[in-house]
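Structure record follows, encoded as C-alpha cells.
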Amino acid sequence: MAQRTLARYLTEEHRNKGRIPADLKFLIEVVSRACQAISIAIGKGGLGGVLGEAGSDNVQGEAQKKLDVLSNEILLEANEWGGHLAAMASEEMDLPHLVPNRFPKGEYLLTFDPLDGSSNIDVNVSIGTIFSVLKSPEGADLSTAAAAEQAFLQPGTAQVAAGYAVYGPTTLLVLTVGDGVAVFTLDREQGQFILTQEHVQIPADTKEFAINMSNQRFWETPVKRYVDEMVAGKTGPLGKDYNMRWVASMVADVHRIMTRGGIFMYPMDSKMQAQGGKLRLMYEANPMAFLVEQAGGAATTGRERILDIVPDRLHQRVPVILGSRNEVDRVTGYHGN
Ligand code: AHM
Ligand code: MG
Numbered sequence: 560m561a562q563r564t565l566a567r568y569l570t571e572e573h574r575n576k577g578r579i580p581a582d583l584k585f586l587i588e589v590v591s592r593a594c595q596a597i598s599i600a601i602g603k604g605g606l607g608g609v610l611g612e613a614g615s616d617n618v619q620g621e622a623q624k625k626l627d628v629l630s631n632e633i634l635l636e637a638n639e640w641g642g643h644l645a646a647m648a649s650e651e652m653d654l655p656h657l658v659p660n661r662f663p664k665g666e667y668l669l670t671f672d673p674l675d676g677s678s679n680i681d682v683n684v685s686i687g688t689i690f691s692v693l694k695s696p697e698g699a700d701l702s703t704a705a706a707a708e709q710a711f712l713q714p715g716t717a718q719v720a721a722g723y724a725v726y727g728p729t730t731l732l733v734l735t736v737g738d739g740v741a742v743f744t745l746d747r748e749q750g751q752f753i754l755t756q757e758h759v760q761i762p763a764d765t766k767e768f769a770i771n772m773s774n775q776r777f778w779e780t781p782v783k784r785y786v787d788e789m790v791a792g793k794t795g796p797l798g799k800d801y802n803m804r805w806v807a808s809m810v811a812d813v814h815r816i817m818t819r820g821g822i823f824m825y826p827m828d829s830k831m832q833a834q835g836g837k838l839r840l841m842y843e844a845n846p847m848a849f850l851v852e853q854a855g856g857a858a859t860t861g862r863e864r865i866l867d868i869v870p871d872r873l874h875q876r877v878p879v880i881l882g883s884r885n886e887v888d889r890v891t892g893y894h895g896n
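Structure (C-alpha cells):
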C-alpha cells in the first residue's frame with residue numbers, strides 16, 4: 560500500500576471528511592516543514608555550532624539556549640509569509656508576533672514552545688516543539704502586538720489543531736485536528752513525514768508515573784498522598800507496583816504516555832504558587848491536553864479540566880496532571896473534585 564504522507568493525511572481530512580479547511584491544512588504543513596528544519600539543526604549538534612547558551616534571557620526570565628532562539632526564528636520565518644496566519648505567540652517572546660504588512664493575513668493564530676526541554680539540549684536527550692492553532696476572533700484588534708494578546712486568550716477547547724514534534728532517535732510529529740491522534744515519522748531521505756500510527760489510544764490504567772520527585776517537599780497534600788500511595792507498591796492502597804520515569808522534556812514524557820500509558824504531573828507546589836505552576840498554558844498545557852483527550856486520556860490541573868481554563872494572560876502558567884484516565888481521575892479526586 561502507498562505510504563500516507565502528512566500531506567495526504569491532511570488532504571483526506573480536508574477533502575473526504577470536510578474536517579479542516581485548506582488554509583489550516585497549509586498551516587500545518589508549514590509548521591511540519593519548520594519542525595524538519597529544526598530537526599536538521601539539532602542533528603548537527605556541536606558540528607553546527609548550535610549548542611550552548613545564547614547569552615540572553617526570555618520573557619520567563621530563563622536563560623535561552625542557541626537552539627531556543629534558532630527554533631523560534633525558524634518557526635516565525637516559515638509561518639509569516641503564507642497568508643494563513645493573523646499572528647503568532649511564542650514561549651520565547653514577550654508579545655505576539657504580528658504578520659508583517661508586506662504579507663497577506665489569514666484567520667488563524669499559532670502558538671508554540673519552539674524547543675521544549677531546553678535543559679536536555681546539550682546532553683543529547685530528546686527535546687521537541689509543541690504547537691497549537693486557534694482561530695482569530697472576528698473583529699480582533701491586531702493593530703499592535705500588545706493589543707493582539709487579547710485574541711489569544713481563548714480556552715483550550717477552542718483549539719482547531721495541536722501537535723508536537725519530538726526530536727529523539729527518530730523525529731516524530733504527533734498531531735490532532737480534533738479527529739483522534741496520528742503519528743508521523745520523519746523519513747530523512749525523502750524529507751517527508753509519513754503516517755506510522757493512527758487512532759492513538761492511551762490505556763485507561765497504568766503502572767508508570769512521571770514527576771520531578773525532588774520537588775516532593777513543596778507539593779500540596781493531594782499529590783503527596785497519591786505519590787506516597789504509588790511508591791507504597793503492591794501492599795499499599797493502590798495494590799500495584801509502579802515504575803517511575805522522568806525525562807524532563809515534556810514532549811518526551813508525554814510521548815511515552817501516548818505510546819504505552821502513564822501519568823505525567825507537574826503539579827502546583829509552594830515554590831511555584833506565585834506564578835501559578837511551572838508549565839505554560841498556551842504553549843504546553845493546552846496543546847498536550849487536547850492531544851491527550853483526543854487519545855482517550857484526561858488532563859487537569861488537579862482542580863479543573865485544563866481545556867476549560869479561560870486564560871487571563873499569554874504567558875499564564877498552570878499545574879498539569881495528564882495521561883491515563885483512571886489515574887488522572889484518582890488524583891484529581893484527591894483534590895476534592
Ligand atoms: P522549557 O520549556 O523551558 O524546556 O521547560 C519546560 C520543561 C518541560 O519540558 C519539563 O516537563 C519540565 O520543564 C522539566 O522541569 P524540571 O527541570 O523540574 O525537571
Ligand atoms: Mg517547554
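Using the numbering used here, read the sequence shown as starting at 560 and increasing by one per residue.
For each residue, glycine too, the CB sits at the ideal point set by N, CA and C.
Asked, Found
"Residue closest to R686, alpha-carbon to alpha-carbon, out of A857, V806 and A844", "The sequence given here places Ile at residue 686; Arg does not occur at that position. Per the Cα distances, V806."
"Residues near G835 by beta carbon distance below 7 Å, same chain, minus five either side", "Q875, R876 and V877"
"Neighbourhood of T730 by C-beta distance below 7 Å, restricted to the same chain and skipping five residues each side", "S598, A724 and L745"
"Test item: CB-CB of N638 and L629 under 8 Å", "no"
"Distance, E748 Cα to A791 Cα", "48 Å"
"A807 CB to nearest heavy atom of the ligand AHM below 7 Å", "yes"
"Heavy atom of the ligand AHM within 7 Å of S691 beta-carbon", "no"
"Euclidean distance between Cα positions of G895 and G739", "30 Å"
"Where F768 falls, given that 16 or more other Cβ within 10 Å makes a residue buried", "buried"
"Closest Cα partner of S691 within the set V682, L701 and D672", "D672"
"Anticipated Cβ contact below 8 Å, V782 with V851, distance rounded", "Not confirmed; about 18 Å, so no contact."
"When I880, K625, S808 and P663 are compared against R862, the one with the closest alpha-carbon", "I880"
"Exposed unless 16 or more other CB atoms sit within 10 angstroms - verdict on M817", "buried"
"Cβ-based burial, V590 [other Cβ within 10 Å; buried from 16]", "buried"
"Reference D812, options R578, N771, I633 and Y842, closest by Cα", "N771"
"Range covered by the beta strand (DSSP E) that runs through M824", "I822 to Y825"
"P728 to P663 span [Cα, whole Å]", "38 Å"
"Inter-residue Cα distance where the pair is V618 and A705", "14 Å"
"Best match in A710, M647, I868 and G605 for proximity to P696 [C-alpha to C-alpha]", "A710"
"First through last residue of the alpha helix (DSSP H) which encompasses F849", "N845 to Q853"
"Cut-off 6 Å between Cβ atoms - residues of its own chain near M827, not counting five sequence neighbours on either side", "E779, G836 and P878"
"Straight-line Cα distance separating G798 from L626", "44 Å"
"Any C-beta of chain B under 8 Å from that of L654", "Of the protein chains in the structure, only one exists, and it is not chain B."
"Residue interval of the alpha helix (DSSP H) (run including Q756)", "Per DSSP, Q756 belongs to no alpha helix (DSSP H); it is in the beta strand (DSSP E), Q751 to Q756."
"CA-to-CA distance, T688 to F752, given in whole angstroms", "15 Å"
"Straight-line gap, L610 to R815 (C-alpha atoms, nearest Å)", "25 Å"
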